[in-house]
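See the structure below:
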């Protein structure tokens, strides 16, 4: 949010061996994904049943055109990022050490790294202040999901979980999506509603409260990115669209 945005300390550097791509300002760096919202903050849960672990491999329904051998590549250097989680760009093709003699390692199971059921990639040494460098490859375009693909029931339950939500918040979600039945159309209508009726502000409370979401949706209508993301995720879950909240960087 705003506090991080205004901090001038350099914690991440990205080099492009093949030359800087023209759209670096639109690269979405994924750091953490969350699945459970308790009404105040988000959490990362790991299912106790191994059968419920998410499949973080490249989805079967990804168009063949996306599986282009000409990957985008970068060398990433981290220092003092204050998290053990490792930024990647999705869909990730590989993560590997910067030592050219080291073998290429598959995404999510890379050098000195571990993954969890939400697709989060983290350093197993957990030393947030030390230098950490790695090579990253990703495909140029994200996959177009087949809307007919059904989530496993256990995964759907995780990504539609809801705390106690007020009736007026539920009514707002239904009013926004209106007669839309397609998941993509529901997403577009909620995103449009938030972008057209709310303003970004660094002066909003940094810590959410049990009434923080409602205050944002119905009273204040100004806040930083965490409120926008939470509002979108909760409104979508109300109208039965499975989502999780993803934290990261743009550009």
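Numbering (the numbering used here), first residue to last: 5 to 255.
The C-beta atom is built at its ideal place from N, Cα and C for all residues, glycine as well.
List the endpoints of the continuous beta strand (DSSP E) containing residue i.
i, result
"residue 140", "136-142"
"residue 154", "Run containing residue 154: none; DSSP gives neither H nor E here."
"residue 76", "76-82"
"residue 117", "117-119"
"residue 17", "16-19"
"residue 36", "32-38"
"residue 98", "96-100"
"residue 126", "125-127"
"residue 249", "249-254"
Does the distance from the CB of residue i to the CB of residue j come in under 7 Å?
i, j, result
"residue 122", "residue 48", "yes"
"residue 255", "residue 78", "no"
"residue 45", "residue 164", "no"
"residue 135", "residue 36", "no"
"residue 167", "residue 43", "yes"
"residue 249", "residue 237", "yes"
"residue 139", "residue 88", "no"
"residue 117", "residue 16", "no"
"residue 187", "residue 93", "no"
"residue 102", "residue 76", "no"
Just to confirm the assignment, what range does the alpha helix (DSSP H) spanning residue i have?
i, result
"residue 172", "171-181"
In angstroms, rounded to a whole number, what distance separates the CA positions of residue i and residue j?
i, j, result
"residue 196", "residue 91", "27 Å"
"residue 216", "residue 206", "15 Å"
"residue 185", "residue 220", "26 Å"
"residue 243", "residue 202", "20 Å"
"residue 171", "residue 178", "11 Å"
"residue 247", "residue 39", "8 Å"
"residue 41", "residue 232", "14 Å"
"residue 95", "residue 142", "6 Å"
"residue 181", "residue 18", "39 Å"
"residue 194", "residue 25", "31 Å"
"residue 14", "residue 175", "43 Å"
"residue 218", "residue 198", "13 Å"
"residue 253", "residue 12", "15 Å"
"residue 169", "residue 20", "45 Å"
"residue 223", "residue 154", "37 Å"
"residue 183", "residue 80", "45 Å"
"residue 192", "residue 239", "12 Å"
"residue 229", "residue 100", "31 Å"
Mark residue i as exposed unless 16 or more other C-beta atoms lie within 10 angstroms of its C-beta, in which case mark it buried.
i, result
"residue 120", "buried"
"residue 86", "exposed"
"residue 190", "buried"
"residue 162", "buried"
"residue 58", "Because residue 58 sits at a pLDDT of 40, beneath the cut-off of 50, its placement in the model cannot be relied upon, and the following sentence gives the value as read from the coordinates. Buried, because 16 or more other Cβ atoms sit within 10 Å of the Cβ of residue 58."
At 4 residues or longer, and completely inside the segment 196-233: list those alpha helix (DSSP H) runs for me, N to C. 216-219
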